[in-house]
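Residue numbering for the sequence shown follows our numbering, beginning at 201 and increasing consecutively.
Ideal placement from N, C-alpha and C gives every residue a C-beta, glycine not left out.
Predicted, not measured: the structure shown is a model, and the values here were computed from it.
Single-structure report; data block below.
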Amino acid sequence: MKDPRFQPEQIGPNEDGTRLRIVGADGEFSEYEPRDLRLRCPCAGCVDEMTGRRILVPDMVPEGIHPTAIHYVGRYALQFMWSDGHSTGIYPYEFLRRIWDEGLEDAPDPSAGGGPG
Ligand SMILES: [Zn+2]
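See below:
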């Protein structure tokens, strides 16, 4: 099932140009390190389709990698043209949102600390 809330309204660099920002139709925004997105490429060349194991070697991905172009794939995904020439990865919006949500869980929340009610 496709969730229309994840449809990007806006895609572009954040203020300092170091991250890719996607603003969803629900008004929620998410930001991604370009290299982190490249490392999570879900294509068959980067992930073994049978085992789900990641084949991509992080050392092979240059530090300054960035998308040279971003294409919409139907209504459900984005395709990135990476500066290392890789372009076969299709990133569904729900996948992108999940990456962002996972990142938020990992990060310490500065507003937390009040404790439960
Ligand atoms: Zn790939």
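Given that a residue counts as buried once 16 or more other Cβ atoms are within 10 Å of its Cβ, and exposed if not, what is residue i?
i, result
"Pro224", "Pro is not the amino acid found at residue 224; the sequence shown has Gly there. Result: buried."
"Arg253", "exposed"
"Gly289", "buried"
Can you tell me which of the options puts its alpha carbon nearest to the alpha carbon of residue i?
i, options, result
"Tyr276", "Thr268, Met260, Glu231, Arg297", "Arg297"
"Tyr291", "Gly264, Glu215, His266, Tyr272", "Tyr272"
"Leu220", "Gly227, Pro234, Gln207", "Pro234"
"Leu304", "Phe229, Pro208, Pro258, Val257", "Phe229"
"Pro267", "Asp284, Asp259, Gln210", "Asp284"
"Ser287", "Gly245, Pro258, Gly217", "Gly245"
"Glu263", "Pro213, Phe206, Thr218", "Thr218"
"Asn214", "Asp226, Tyr232, Ile299, Leu256", "Tyr232"
"Gly227", "Asp216, Phe206, Val247, Asp236", "Phe206"
Tell me whether residue i counts as near ligand 1, meaning its Cβ is closer than 7 Å to at least one heavy atom of that ligand.
i, result
"Thr218", "no"
"Gly245", "yes"
"Gly252", "no"
"Gly289", "yes"
"His271", "no"
"His266", "no"
Taking Cβ to Cβ, would you say residue i is nearer than 8 Å to residue j?
i, j, result
"Phe295", "Pro242", "yes"
"Arg240", "Trp282", "no"
"Pro323", "Ile222", "Shown here, the chain extends from 201 to 317; a query on residue 323 therefore has no answer."
"Ile211", "Ile270", "yes"
Only counting runs of 3 or more residues, tell me where the beta strand (DSSP E) segments fall wholly within the segment 272 to 298, in order along the chain. 277 to 282, 290 to 292
Along the chain, which unbroken stretches of the beta strand (DSSP E) at least 3 residues long are found entirely within the segment 222 to 248? 229 to 232
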